[in-house]
Amino acid sequence: MPLTEEDIASATYIDRASILLPPGENGDVKPFAVIVLNQPITDLDMLDRIWSNAAVKICADGGTNRLYAALDESTRPKYKPDFITGDLDSLKPDIRAYYEGELGVPVYHSPDQDSTDFGKCLLKLGDLYPGERFPVVALGGTGGRVDQEFHSIHTLFVHERVAKADDTADKKQREITLLSDDSLTFLVGPGTQKIATPRSVLGPTCGIIPVSGPTVISTAGFTWDIEDWPTSFGTQVSTSNAMEADEVVIKSDQTVLFTLEIRR
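Numbered as in our numbering, the sequence shown ends at 271 without a single skipped number.
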């Protein structure tokens, strides 16, 4: 299935990078929710851009500690979350008191041990904004423990599929992007997709990971483009490629994970 001009002309357009652009340069960005997960926050410039662009700001349990630690007394009020939720086994009492008592942030305890704090945030987001289907950016969605990274990728799959009528809000179809200080990561579905990759904020390094099993891919806009290239774990995987353009094209017969380096 080589890429043709007709494929590229009719490709589905994906833009997950606008969230990283400064306000005023991201006219195409859709309203989204950011969930701060329990990973260190070291890039305050990125945090500022994401926070400024987000319509809803959420902290997941221990992510509240991370947000608090990344800021100082003068800047913390600017980065006030709309709510905090999780099983609250990681949230420090003094930090809870600051956000809940001093800033008036609602804190919702969810003791359910069959879901992660990430899932609890998605569920509460659906409960509080029932008429909205905000895309979600999970800050800290990669990095840290490997099992948690795999669960984040699992969450992408849960929300990619077509929702069932009885699905709870933490399982309904929703666009989710995983963001860390180093990478922007999301699923690219089967077919031909043209993806915004502004090199002012992304790249050059990227990877296309066959997380759905054996996959055949073709690409355009990369340093090492491939055509009808079979990929699977245990055979060959496209990592450490590089982008050559502000838009790239991926054609695949299965859903793949696309991960892009954050430019420094």
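Note that beta-carbon positions come from the ideal geometry of N, C-alpha and C, so glycine has one too. These figures come from a predicted structure and were not determined experimentally.
Query: Alpha-carbon to alpha-carbon, P118 and V36; Result: 34 Å
Query: Residue nearest to G210 in terms of C-alpha spacing, selected from F229, T92 and L10; Result: F229
Query: 8 Å Cβ cutoff met for I15 and A227; Result: yes
Query: One or two residues paired with I65 in a DSSP bridge; Result: I42 and F90
Query: Pair within 8 Å by beta-carbon distance, G147 and S187; Result: yes
Query: Counted within 10 angstroms of its Cβ, other Cβ atoms place D154 as buried (16 or more) or exposed; Result: exposed
Query: Run of the alpha helix (DSSP H) containing G3, from where it starts to where it stops; Result: Examination of residue 3 is not possible in this model, given that the chain is present from 8 through 271 alone.
Query: Exposure of P205, with buried meaning 16 or more beta-carbon neighbours within 10 Å; Result: buried
Query: Reduced DSSP secondary structure (H/G/I, E/B, other) of A203; Result: strand
Query: Alpha carbon of W58 to alpha carbon of Y86, nearest angstrom; Result: 7 Å
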